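Engineer:
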Amino acid sequence: MNLTDRIRACAQLGQKLITDLPLQLDLLQKVKNENIWFDQEQVLFAVQNIVDGFLTEDLLSSWIQPYHLKDGQPKRIGIIMAGNLPLVGFHDVLSVFMAGHYSKIKLSHKDSLLWPYVIGLLSQIDVRTGPFFELVEKLNDIDALIATGSDNSARYFHYYFAHHPHIIRNNRVGVAVITGRESDYDLLMLGQDVFQYYGLGCRNVSSLMVPEGYDITRLCKSWDQYAAARDNRAYSNNYDYNMAIYMMNKVPFLVNDAILFVESEEIVSRLAVIHYTYYKDLSEVITRYESNKDKIQVMVCHEPLPGVPILSPGQAQCPSLEDYADQVDTLQFLQRL
Numbered sequence: 051m052n053l054t055d056r057i058r059a060c061a062q063l064g065q066k067l068i069t070d071l072p073l074q075l076d077l078l079q080k081v082k083n084e085n086i087w088f089d090q091e092q093v094l095f096a097v098q099n100i101v102d103g104f105l106t107e108d109l110l111s112s113w114i115q116p117y118h119l120k121d122g123q124p125k126r127i128g129i130i131m132a133g134n135l136p137l138v139g140f141h142d143v144l145s146v147f148m149a150g151h152y153s154k155i156k157l158s159h160k161d162s163l164l165w166p167y168v169i170g171l172l173s174q175i176d177v178r179t180g181p182f183f184e185l186v187e188k189l190n191d192i193d194a195l196i197a198t199g200s201d202n203s204a205r206y207f208h209y210y211f212a213h214h215p216h217i218i219r220n221n222r223v224g225v226a227v228i229t230g231r232e233s234d235y236d237l238l239m240l241g242q243d244v245f246q247y248y249g250l251g252c253r254n255v256s257s258l259m260v261p262e263g264y265d266i267t268r269l270c271k272s273w274d275q276y277a278a279a280r281d282n283r284a285y286s287n288n289y290d291y292n293m294a295i296y297m298m299n300k301v302p303f304l305v306n307d308a309i310l311f312v313e314s315e316e317i318v319s320r321l322a323v324i325h326y327t328y329y330k331d332l333s334e335v336i337t338r339y340e341s342n343k344d345k346i347q348v349m350v351c352h353e354p355l356p357g358v359p360i361l362s363p364g365q366a367q368c369p370s371l372e373d374y375a376d377q378v379d380t381l382q383f384l385q386r387l
């Protein structure tokens, strides 16, 4: 397959996913049975974002144009999936495919059903895609590695694959800056960045920077509208457990029907908890960003921040093809192999 063929196949995959997956009720139920966090709403949201943000001929052509990709001798690229979100490694697999290399994919046990379905659809569209994707239990005979996991996993990956060209990613989070000038709609959209995927993604907002004197109860009231998150048993269990822990340890917190608010400078929070910390001026925000940017995947604010790349509220979970995780250009890495 040449590059044009691969682009065309991916665009057709996007169309097929939108029409076919909502009808696969047995598959969607099995996915939820395997991973309680992957309910139908979350899976379909993830797929819609992939299709809208990645899988059109125009988007794909525009994305790859600066790289001047040429078909050569394919390399075997090992991909270790994180499994925290539905099809979370899609961008990596797509990048390898566009570069003309072969993926050897080590699935997470948390997301073992969606990938065979997607690869199967692609094979139906064009049987020539088959050799480009191999699901494996062990990563042997690879030329390079792309791996995503926890901080502990990343240390292991660095040790075990030290002699392979690699991209290895560890834990990151999203941080939002509140200016006090947000509309009610801005705050509601920010809630999407907090609650989508139940807060499990590296692009989910887990910490807030708010101006001194800001009334946190405004957020409490706004985000009551996300109380349906507690319909998920696992999320509700985390909500109840964390509340009990904070009460026993006499840690002050605010609470609504969806989440707990805890004042803390830590940018990583527990599930069903969001941290907040106060700032005096925007220079303090920028300083905090600079000191933590190796742990931050995205910054969210409704206004521009000098020297800080930001997303508007509600956009954290809608990455484009040019949004490379950890700001490491995957296509450039693959092109140089």
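Start counting the sequence shown at 51; every next residue gets the next number (the numbering used here). For each residue, glycine too, the CB sits at the ideal point set by N, CA and C. Predicted model only: the values in this text are computed from it and were never measured.
Spatial neighbours of H208 within its chain, please: CB distance less than 7 Å, with the 5 preceding and 5 following residues excluded, ordered by chain position.
Structural biologist: Excluding positions up to five away in sequence, the list reads I218.
Engineer: Are at least three pairs of beta-carbons, each pair with one atom in the segment 377-384 and one in the segment 144-159, less than 8 Å apart?
Structural biologist: With a cut-off of 8 Å, the segment 144-159 and the segment 377-384 count as touching, because enough Cβ pairs lie within range.
Engineer: To which residues does DSSP link A194 through a beta bridge?
Structural biologist: A194 is bridged to I127.
Engineer: Are the beta-carbon atoms belonging to V260 and Y339 less than 8 Å from one another?
Structural biologist: No; because the gap between Cβ atoms is not below 8 Å, this pair is not in contact.
Engineer: Taking buried to mean at least 16 other C-beta atoms within 10 Å of its own C-beta, is A366 buried or exposed?
Structural biologist: Label assigned to A366: buried.
Engineer: With burial defined as no fewer than 16 other Cβ atoms inside 10 Å of the residue's Cβ, what is the status of H141: buried or exposed?
Structural biologist: Looking at its Cβ environment, which holds 16 or more other Cβ atoms inside 10 Å, H141 is buried.
Engineer: Closest to G230 by C-alpha separation, out of D76, D265, V223, would be which residue?
Structural biologist: Among D76, D265, V223, the Cα nearest to that of G230 belongs to D265.
Engineer: If distances are taken between C-alpha atoms only, which option among I57, A204, E334 comes closest to L355?
Structural biologist: It is E334.
Engineer: For the beta strand (DSSP E) that L105 lies in, which residues bound it at each end?
Structural biologist: Premise fails: L105 is in no beta strand (DSSP E) and is neither H nor E.
Engineer: Whose CA, out of D89, E187, L144, Y296, lies closest to the CA of I324?
Structural biologist: That would be Y296, whose Cα lies nearest to the Cα of I324.
Engineer: For L237, collect the residues of the same chain with a Cβ closer than 8 Å to its Cβ; drop the 5 residues on either side in sequence, then sort them by chain order.
Structural biologist: So the list reads R268, L269, S272, W273, P363, once near-sequence residues are dropped.
Engineer: Tell me which residue opens and which closes the alpha helix (DSSP H) that P369 is part of.
Structural biologist: Note, P369: premise wrong, no alpha helix (DSSP H); not H, not E.
Engineer: Here's a check: name, in chain order, each residue in its chain whose Cβ is nearer than 8 Å to the Cβ of V350, leaving out the five neighbours to either side.
Structural biologist: Excluding positions up to five away in sequence, the list reads G224, V225, A226, V227, L240, D243, V255, I360, L361, S362, P363, Q365, A366.
Engineer: For the segment 152-167 and the segment 180-196, state whether three or more C-beta atom pairs, one from each stretch, are separated by less than 8 Å.
Structural biologist: With a cut-off of 8 Å, the segment 180-196 and the segment 152-167 count as touching, because enough Cβ pairs lie within range.
Engineer: To the nearest angstrom, report how far apart S200 and R56 are at their CA atoms.
Structural biologist: Approximately 32 Å between the Cα atoms of the pair.
Engineer: Could you tell me which of F183, M293, R283 sits nearest to L171, measuring between CA atoms?
Structural biologist: Out of F183, M293, R283, F183 has the C-alpha closest to the C-alpha of L171.
Engineer: Measure the C-alpha to C-alpha separation of A410 and N342 and round it to an integer number of angstroms.
Structural biologist: Residue 410 lies beyond the stretch modelled for the chain, which goes from 51 to 387, so this question has no answer here.
Engineer: If I measure Cβ to Cβ from I346 and keep anything under 8 Å in the same chain, skipping five residues before and after, which residues do I get?
Structural biologist: So the list reads R222, V223, G224, V225, I317, Y339, once near-sequence residues are dropped.
Engineer: Please report the residue range of the alpha helix (DSSP H) in which E340 lies.
Structural biologist: Counting along the chain, the alpha helix (DSSP H) containing E340 begins and ends at 332-342.
Engineer: Could you pull the start and end residues of the alpha helix (DSSP H) that E184 belongs to?
Structural biologist: From DSSP, E184 is part of no alpha helix (DSSP H) but of the beta strand (DSSP E) over 183-185.
Engineer: Do W113 and L371 have their CB atoms nearer than 8 Å?
Structural biologist: Cβ atoms of W113 and L371: closer than 8 Å.
Engineer: For R219, list the residues DSSP reports as bridge partners.
Structural biologist: Its beta-bridge partners are T198.
Engineer: Counting along the chain, where does the alpha helix (DSSP H) carrying I175 start and finish?
Structural biologist: Run containing I175: 164-175, per the alpha helix (DSSP H) assignment.
Engineer: Take the Cβ of N220 as the centre, count every other Cβ of all protein chains shown within 10 Å, and call the residue buried at 16 or more, exposed below.
Structural biologist: Result: buried.
Engineer: Rank D331, D234, D281 by C-alpha distance to the C-alpha of G263 and give the top, closest one.
Structural biologist: For G263, the nearest C-alpha among the options comes from D331.
Engineer: Counting only the same chain and skipping the five closest in sequence on each side, list residues whose C-beta sits under 6 Å from that of N85.
Structural biologist: Hits under 6 Å: K160.
Engineer: Between the segment 62-76 and the segment 113-124, do three or more beta carbon pairs fall short of 8 Å?
Structural biologist: No contact exists between the segment 62-76 and the segment 113-124.
Engineer: I'd like to know whether the C-beta atoms of A194 and I100 end up nearer to each other than 8 Å.
Structural biologist: No.
Engineer: Please classify Y326 as buried or exposed, where buried requires at least 16 neighbouring CB atoms within 10 angstroms.
Structural biologist: It is buried - the Cβ of Y326 has at least 16 other Cβ atoms within 10 Å.
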